[in-house]
Amino acid sequence: MDWSKAKTILIVAFIITNILLVYVIMGENHISNEPTIKDEFIEDVIKLLKDKNITVSTQIPKDIPRLNAMTVEYENVNIQELNRNYFNNNGIIEQDGEDLAKIVKDDESILVINDRFIIYENKREREIYKDLDKDKAIQLSEEFISKGQFQASDMKLTFIKEDKGIFYLEYSKIYGDILVERTFTNFQIDKRGIKKFERLWLNEKDFGEVEIYISTAPKSILTLLGMQEAYGKTLADISLCYYFDPEKHDYLGEPKDAKQGKAVPAWRIQFDDGYKIFIDEY
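Take any residue in the sequence shown, note its place counting from 1, add 69, and you have its number in this note's numbering.
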């Protein structure tokens with residue numbers, strides 16, 4: 070063995086390791102000195118939002134946000150399977166071209182748009198659940214999801230409210246502990262049971278190798294100052310999410326034709342009335 074050459078290789082490797090350590094330390098110092106996650110900056114942000122009648126009732130994250138890009142695809146819906154799962158194959162299927170299909174059984178119907186967007190409606194008048202409350206509404210929604218044989222492990226209940234006897238529930242897609250948007254499973258439930266169900270779901274395919282950084286949460290939510298739709302609202306949750314917007318992809322001018330695309334890191338801003346805004350500034 071050429072020990073002189075081996076010694077040279079070891080010295081070079083040692084120098085490279087030291088250089089990498091310097092960059093790591095410098096990176097850590099940069100992160101710790103990031104001005105937009107300092108308490109003083111956050112306090113100023115809260116005051117500015119308050120001037121626009123925007124209230125913050127949650128913790129503002131101080132993380133340096135980064136995620137690997139995620140490739141997602143729309144969940145494909147089979148009209149025959151829906152008929153079997155919900156109506157025991159007793160529903161009447163009506164097909165209107167390639168983009169629209171409908172199942173009708175008595176006072177219930179299921180509309181499927183573009184093989185991905187499901188809208189179930191129940192127009193029965195008879196009340197079944199006289200003692201309907203929040204817990205019962207959640208139970209009914211979970212039973213309906215199970216009946217349709219939808220996977221429940223990637224779903225999280227992120228919003229529920231009651232208004233004039235109707236419970237509104239929204240389930241969001243999760244990957245690990247990160248929410249994936251824009252996708253949803255929504256319910257309207259009253260004393261008749263499931264009144265309306267809507268689902269447009271995304272499934273993950275693969276991930277990019279490079280982490281993508283975006284602006285910090287305190288800096289990003291300053292964007293709300295120019296959004297009149299946020300005025301007068303209460304900010305209830307700020308969380309990092311994967312965000313897929315088909316309108317930002319090139320699908321020959323037809324976002325509805327998108328089958329898959331790239332979901333990038335973004336801040337998910339949810340208000341106490343359920344309204345959401347996504348900010349993906351870099």
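The beta carbon of each residue, even a glycine, is placed where N, CA and C say it ideally should be.
What number of angstroms, rounded off, separates the C-alpha of residue i from the C-alpha of residue j?
{"i": "L90", "j": "S289", "result": "With a pLDDT of 40 at L90, under the threshold of 50, the modelled position of that residue is not reliable, and the figure given next carries that caveat. Answer to the nearest angstrom: the Cα atoms are 31 Å apart."}
{"i": "V249", "j": "E280", "result": "16 Å"}
{"i": "A286", "j": "K345", "result": "15 Å"}
{"i": "K233", "j": "I258", "result": "11 Å"}
{"i": "S308", "j": "N122", "result": "21 Å"}
{"i": "L169", "j": "D314", "result": "22 Å"}
{"i": "I348", "j": "I338", "result": "8 Å"}
{"i": "L136", "j": "V333", "result": "8 Å"}
{"i": "S215", "j": "E350", "result": "37 Å"}
{"i": "A221", "j": "V114", "result": "38 Å"}
{"i": "Q297", "j": "D175", "result": "44 Å"}
{"i": "Q208", "j": "R153", "result": "22 Å"}
{"i": "P130", "j": "Y244", "result": "19 Å"}
{"i": "I111", "j": "I229", "result": "29 Å"}
{"i": "G295", "j": "A206", "result": "37 Å"}
{"i": "A302", "j": "G217", "result": "Here the sequence assigns Lys to residue 302, which means Ala is not the residue at that position. About 35 Å."}
{"i": "L151", "j": "E109", "result": "54 Å"}
{"i": "K116", "j": "K203", "result": "35 Å"}
{"i": "E211", "j": "N102", "result": "45 Å"}
{"i": "D223", "j": "Y240", "result": "10 Å"}
{"i": "D120", "j": "F340", "result": "17 Å"}
{"i": "D246", "j": "A335", "result": "15 Å"}
{"i": "Y311", "j": "T254", "result": "17 Å"}
Are the CB atoms of residue i and residue j nearer to each other than 7 Å?
{"i": "E142", "j": "K331", "result": "no"}
{"i": "E196", "j": "K260", "result": "yes"}
{"i": "T252", "j": "K242", "result": "yes"}
{"i": "N158", "j": "I263", "result": "no"}
{"i": "A299", "j": "L293", "result": "yes"}
{"i": "L238", "j": "V125", "result": "no"}
{"i": "K173", "j": "I148", "result": "The amino acid occupying residue 173 in the given sequence is Val; Lys does not appear at that position. Taking 7 Å as the Cβ cut-off, V173 and I148 do not qualify as a contacting pair."}
{"i": "I283", "j": "P134", "result": "yes"}
{"i": "M139", "j": "F256", "result": "no"}
{"i": "K171", "j": "E177", "result": "no"}
{"i": "T127", "j": "D342", "result": "no"}
Checking contacts by CB at 7 Å: is residue i closer than that to chain D?
{"i": "Y240", "result": "In the structure shown, chain D does not exist; there is a single protein chain."}
What does DSSP give as the partner residues of residue i in its beta bridges?
{"i": "R135", "result": "Y282"}
{"i": "M224", "result": "K242"}
{"i": "P334", "result": "Y311"}
{"i": "V173", "result": "I161, S178"}
{"i": "K302", "result": "Answer is none; K302 lacks a bridge partner."}
{"i": "D275", "result": "T140"}
{"i": "G262", "result": "D259"}
{"i": "Y237", "result": "K230, Q257"}
- Task: Evaluate contact between the segment 267 to 282 and the segment 186 to 197, counting only Cβ atoms and requiring at least three cross-stretch pairs below 8 Å.
- Result: Counting Cβ pairs under 8 Å, three or more are found: they touch.
- Item | Runs of beta strand (DSSP E) lying entirely within the segment 179 to 232, each at least 3 residues, in chain order | List check, beta strand (DSSP E) in window: 186 to 191, 224 to 232.
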